[in-house]
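Q: With positions in the sequence shown counted from 1, the corresponding number in my numbering is that position plus 831. First the structure, then my questions, so here it is.
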Amino acid sequence: MKKVILIMLTVVAFTSCKTSSLHRGGYHQLNQTQTVLSSNNFIVLGSFTGTATQKILTGNITNKEGIVSQAKSKMLANAKAVGIELVGSRALVNVCVDLIETKKRISATVSAEMIEFK
């Protein structure tokens, strides 16, 4: 009898607490901006690239996210050097991140196009 009660309590405990989820199995956009690029409603401001390289020391765990953010910062600095900043209705599109890792070095290159919506 104790086993039956224990099993029933376990079943009730796992079935009574259902949490709601925003994701209901579809690929819908929830609280996100939807961009329609079917018409010519944007201007391409240019393509930009930034590269960061770091030496790998013996016993050092590399921080790949850190080197990618350094490369992105350099890419935005290259854009700013020609007078283009990421402000207002401007966005980065076609962002590509390339990682090259050898025994002694890790290198990250981030390239993207910057567009401005009309």
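Using N, Cα and C, we set each Cβ at its ideal position, and we do this for glycine too.
Which word fits G881, buried or exposed, when buried means at least 16 other C-beta atoms lie within 10 angstroms of its C-beta?
A: Classification for G881: buried.
Q: In three-state terms, what does DSSP make of G877?
A: Here G877 sits in strand by DSSP.
Q: Along the beta strand (DSSP E) that carries M945, what are the first and last residues, could you check?
A: Here the beta strand (DSSP E) through M945 covers R936 to F948.
Q: Is the Cβ-Cβ distance between N906 and V941 less than 9 angstroms?
A: Per the sequence shown, residue 906 should be read as Met rather than Asn. It is a contact, given that the beta carbons lie within the stated cut-off.
Q: G877 and A902 - do their beta-carbons sit closer together than 9 angstroms?
A: No.
Q: Out of I915, R936 and V899, state which residue places its alpha-carbon closest to the alpha-carbon of E947.
A: Comparing Cα-Cα distances from E947 to each of I915, R936 and V899, the minimum goes to I915.
Q: Measuring CB to CB, does V928 end up less than 9 angstroms from E944?
A: Not a contact, by the Cβ cut-off of 9 angstroms.
Q: Excluding five sequence neighbours on each side, which residues of the same chain lie with their C-beta closer than 6 angstroms to the C-beta of V926?
A: Cβ neighbours of V926 beyond the five flanking positions: A943.
Q: By a C-beta neighbour count over all protein chains shown, 10 Å radius and 16 as the cutoff for buried, is A912 buried or exposed?
A: By the 10 Å Cβ count, A912 comes out exposed.
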